[in-house]
Amino acid sequence: MGRAVTLIRSSSLSDVAEYAYAATAPAGSRLIFLAGACPLNEDGSTAAVGDYAGQAAKAVENMQTALADSGASLQDVISTRVLVASSRQQDLGIAWEVVRASFGDHDVPSTLMGVTVLGYEDQLVEIEAIAAVLDS
């Protein structure tokens, strides 16, 4: 089955960004809107307390589970928003590198944001995503 997501690159914009600048999905594709993936363990506790990279990895893992339960994978994601509870660019970069590496060559359009606080105790990272799939 083919993929619904087409990444769009612009030769008119900087190539410094580690993601495509836009993405499309064809008419007839099914869009999947994921709630923010949090770094929570099955028992509801926060994973990797104090560790931006560890929380990003757990959030990606949980996002992959939600995608799989929806009939999709990371390769079907059309965009992400990565929220990091920090005002330090270094902390945002640590979380971003984990998220970016998880997608490999599928470098979807993304927004990386520093925020004041996230919803769960000791939570440092959350990842929102939208995916698109072609159902048979």
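For the sequence shown, the residue numbers in this note's numbering are 2 to 137.
Here a beta-carbon is modelled for each residue, glycine too, at the ideal position from N, C-alpha and C.
The structure displayed is predicted, hence computed values, not measured ones.
Going by the beta-carbon positions, is the gap between residue 66 and residue 109 smaller than 7 Å?
-> If you check the CB distance, residue 66 and residue 109 do not come in under 7 Å.
Any chance the CB of residue 14 is under 6 Å from a heavy atom of the ligand GDP?
-> Among the components of this structure there are no ligands whatsoever, and the ligand GDP is therefore not found.
Report the three-state DSSP secondary structure of residue 120 (helix, strand or coil).
-> Here residue 120 carries a coil assignment [DSSP, helix/strand/coil].
Inspect the CB distances between the region 39-53 and the region 120-129 and report whether three or more fall short of 8 Å.
-> They touch, by the three-pair rule.
State yes or no: is the beta carbon of residue 76 nearer than 7 Å to at least one beta carbon in chain D?
-> Absent from the structure is chain D; it holds one protein chain and no more.
Residues sharing a beta bridge with residue 114, DSSP | For residue 114, which the question treats as bridged, DSSP gives the partners 84.
Coarse secondary structure for residue 89, derived from DSSP in three states = Residue 89 falls in the coil class under three-state DSSP.
Starting from the Cα of residue 45, find the closest Cα among 83, 28 and 63 and give me that residue.
-> Nearest of 83, 28 and 63 to residue 45, Cα basis: 63.
Which whole-angstrom value is the C-beta distance of residue 99 and residue 58, which I expect to be below 8 Å?
-> Rounded, the Cβ-Cβ distance is 5 Å, consistent with contact.
Short Cβ contact (7 Å threshold) for residue 5 with residue 21 | Going by C-beta atoms, residue 5 is not nearer than 7 Å to residue 21.
Same chain only: Cβ atoms within 6 Å of residue 95, ignoring 5 sequence neighbours per side = The beta carbon of residue 95 sits closer than 6 Å to the beta carbons of 53 and 54 from its chain, once the five residues preceding and following it are set aside; these are given in chain order.
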